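Peer 1:
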Amino acid sequence: MTTPKIGSEDLQPLADIDRIIHEPARLMILALLYVVESGDFTFLMRQTGLTWGNLSSHMSKLEAAGYIEVEKEFVGRKPRTMLRLTDEGRAAFHEYLQSMKQVFDGLTD
Amino acid sequence: MSQNLDLKEIERRVYQSVFQDGLMEIFLGGFLLVVSALFAISMKLILLPSLLVIFLGNPLLERLKKRYIYPRIGYVKLRPEKEADPKGIAVAAIVFVVILLGSGIFSLTMGKDRGWAFWFKYFLPGSTGFMLAIGPFWLGETYGVRRGYVFAVLFLLSGIVIPVLGIASGYEAIGFECLLVGVISLISGVVMFTRFLRKYPIAAEGPPSKGAFDDNP
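In order, the protein sequences belong to chains A and B. Quick note on the numbering used here: the first sequence kicks off at 115 and runs consecutively. Quick note on the numbering used here: the second sequence kicks off at 371 and runs consecutively.
1. Buried or exposed for I439(B), please, with buried defined as at least 16 other CB atoms from any protein chain shown within 10 angstroms of its CB.
2. Measure from the C-beta of E183(A) to each C-beta in chain B and report whether the shortest distance is under 8 Å.
3. Which residues mark the beginning and the end of the alpha helix (DSSP H) in which E432(B) is found?
4. Following the continuous alpha helix (DSSP H) through T165(A), name the residue where it begins and the one where it ends.
5. On the CB-based measure, 16 or more other CB atoms within 10 Å of its CB, does P506(B) come out buried or exposed?
6. Using CA coordinates, which residue listed in F188(A), A129(A), R191(A) and A179(A) is at the minimum distance from D201(A)?
7. Can you confirm whether D130(A), when its beta carbon is compared against all beta carbons of chain B, has any partner nearer than 8 Å?
8. In angstroms with no decimal places, state the Cα-to-Cα distance between V520(B) and W508(B).
9. Going by beta-carbon coordinates alone, are G153(A) and V446(B) separated by less than 8 Å?
10. Based on DSSP bridge pairs, tell me the residues matched to E151(A).
11. What did DSSP end up calling A205(A) once you bin it into helix, strand or coil?
12. With a threshold of 6 Å on Cβ separation, who are the neighbours of V404(B) within its own chain once the five nearest residues in sequence on each side are excluded?
13. Since G153(A) meets chain B, which of its residues come closer than 8 Å, beta carbon to beta carbon?
14. Using the three-state DSSP reduction, which class does R198(A) fall into: helix, strand or coil?
15. Is the beta carbon of G444(B) less than 8 Å from the beta carbon of F157(A)?
16. Check each residue of the stretch 494-527 of chain B: if its Cβ is closer than 8 Å to any Cβ of chain A, include it; give the result in chain order.
17. Could you say which of Y385(B), L375(B), D376(B) and L377(B) lies nearest to E511(B) if we only look at CA atoms?
18. Between I464(B) and the rest of its own chain, which residues show a CB-CB distance below 8 Å, the 5 nearest in sequence each way excluded?
19. For a contact meaning CB atoms closer than 8 Å, what does F157(A) contact in chain B?
20. Excluding the 5 residues flanking F566(B) on each side, which residues of the same chain have their C-beta closer than 7 Å to its C-beta?
21. Specify the secondary structure class of P571(B) as computed by DSSP and reduced to three states.
22. Does the beta carbon of P450(B) come closer than 8 Å to any beta carbon on chain A?
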């Protein structure tokens with residue numbers, strides 16, 4: 115049985131992968147924000163199962179990368195932090211999905 | 371990792387989490403029970419609760435969600451294209467009117483008196499059941515909420531079965547439809563809400579330390 119030759123060209127998308135997105139917790143966060151308009155901290159915490167501190171840490175990195183925007187507001191007397199993907203974040207996530215699909219589609223079982 | 375990233379599934383789970391609290395079922399059940407009671411008293415009284423639900427229903431539901439739901443599972447704003455489309459609602463209303471008129475014309479082929487009696491006994495409750503089924507069906511189709519399909523089927527079947535079995539006909543049959551689906555909806559809503567409150571305690575209101583989110587590690 116001959117193994118198909120995989121050259122560096124086929125693996126280049128992997129080398130170029132966005133490392134901000136390519137982290138399990140941040141990938142979960144972005145996937146959730148991708149399918150909704152916006153969500154608050156509690157929603158993301160519940161959906162991802164991350165602790166508050168962990169989520170906060172990843173949010174900081176995503177915000178620093180310009181992938182999410184944060185809006186702090188008060189609902190009555192209670193604070194609410196709303197998060198949504200920026201246009202840049204949405205495009206970056208979409209590109210990430212395309213890259214990963216390209217890599218996995220190119221591999222044989 | 372991303373090979374298994376199914377965005378459709380993630381979306382479906384998010385929508386299911388939004389509709390898991392049972393409040394909508396409680397509202398629907400309560401409204402239907404009131405309507406069924408009013409059907410028994412007088413048809414003219416039905417307009418008032420319907421208007422109250424249309425204008426006050428959503429604000430009241432939102433108020434309850436702010437108090438009991440959002441502190442537990444958080445707040446999410448769904449994408450605009452997933453919200454109720456006024457054009458879709460208008461189309462559904464037009465379809466309902468067409469069905470009513472069409473069934474009326476068909477009934478006339480039996481003769482004026484017999485046709486009217488047939489239309490009133492069978493087509494009116496059946497058409498009403500169809501119209502009431504549209505909302506839950508849309509919920510199931512748009513958000514993947516399977517309970518929506520169950521309620522749609524309940525509405526459709528009750529609109530057909532109640533007059534066919536001779537339980538009631540005409541407006542009485544509509545009242546029975548509302549009673550039957552209302553009871554089921556209210557009970558299932560209360561059960562869901564109770565389970566929801568037990569499953570999700572109120573989440574912490576803020577980060578463990580002030581400014582935690584503002585720090586860049």
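Glycine included, each C-beta is placed from N, C-alpha and C at the ideal position. These figures come from a predicted structure and were not determined experimentally.
Peer 2: Straight from the coordinates:
1. In the second sequence, counting from the first residue as 1, residue 439(B) sits at position 69. The residue in question, I439(B), is buried, as its Cβ has 16 or more Cβ neighbours within 10 Å.
2. Translated into the one-based positions of the first sequence, residue 183(A) becomes position 69. Not an interface residue.
3. Translated into the one-based positions of the second sequence, residue 432(B) becomes position 62. Its alpha helix (DSSP H) spans residues L417 to L434.
4. Residue mapping note: residue 165(A) aligns to position 51 of the first sequence, counting from 1. Per DSSP, T165(A) belongs to no alpha helix (DSSP H) and is neither H nor E.
5. By one-based count along the second sequence, residue 506(B) stands at place 136. The residue is buried, with at least 16 neighbouring Cβ atoms inside 10 Å.
6. Locating residue 201(A) in the first sequence gives position 87, where the first residue counts as 1. Among F188(A), A129(A), R191(A) and A179(A), the Cα nearest to that of D201(A) is on A179(A).
7. What you label residue 130(A) is simply residue 16 of the first sequence in a count that begins at 1. No - not a single Cβ of chain B is within 8 Å of the one on D130(A).
8. By 1-based counting over the second sequence, the position of residue 520(B) is 150. By 1-based counting over the second sequence, the position of residue 508(B) is 138. About 12 Å.
9. Translated into positions along the first sequence, residue 153(A) becomes position 39. Translated into positions along the second sequence, residue 446(B) becomes position 76. Cβ atoms of G153(A) and V446(B): closer than 8 Å.
10. Here residue 151(A) corresponds to residue number 37 of the first sequence, with the count starting at 1. Beta-bridge pairing links E151(A) to no other residue.
11. Here residue 205(A) refers to the residue found at position 91 when the first sequence is read from its first residue. A205(A) falls in the helix class under three-state DSSP.
12. In the second sequence, residue 404(B) corresponds to position 34, counting from 1. Only P419 meet the Cβ criterion.
13. Indexing the first sequence from 1 puts residue 153(A) at position 39. The contacting residues are G444, Y445, V446 and K447.
14. Position 84 of the first sequence, counting from 1, holds the residue named residue 198(A). If DSSP states are grouped into helix, strand and coil, R198(A) belongs with the strands.
15. As a first step, residue 444(B) is located in the second sequence; it is residue number 74 there, counting from the start. As a first step, residue 157(A) is located in the first sequence; it is residue number 43 there, counting from the start. Contact flag set, yes.
16. The stretch 494-527 of chain B vs chain A, Cβ under 8 Å: nothing.
17. By 1-based counting over the second sequence, the position of residue 511(B) is 141. Considering only alpha carbons, the answer is Y385(B).
18. Taking the second sequence and counting its residues from 1, the one referred to as residue 464(B) is at position 94. Correct list: empty, nothing qualifies.
19. Stepping through the first sequence from its first residue, residue 157(A) is reached at position 43. The answer, in chain order, is I443, G444, Y445 and V446.
20. Within the second sequence, the letter at position 196 stands for residue 566(B). The residues are Q390, D391 and G392.
21. Numbered from 1 along the second sequence, position 201 holds the residue referred to as residue 571(B). Looking at P571(B) - three-state DSSP - the assignment turns out to be coil, as it is neither helix nor strand.
22. Translated into the one-based positions of the second sequence, residue 450(B) becomes position 80. Closer than 8 Å to some Cβ of chain A, the Cβ of P450(B) qualifies, so yes.
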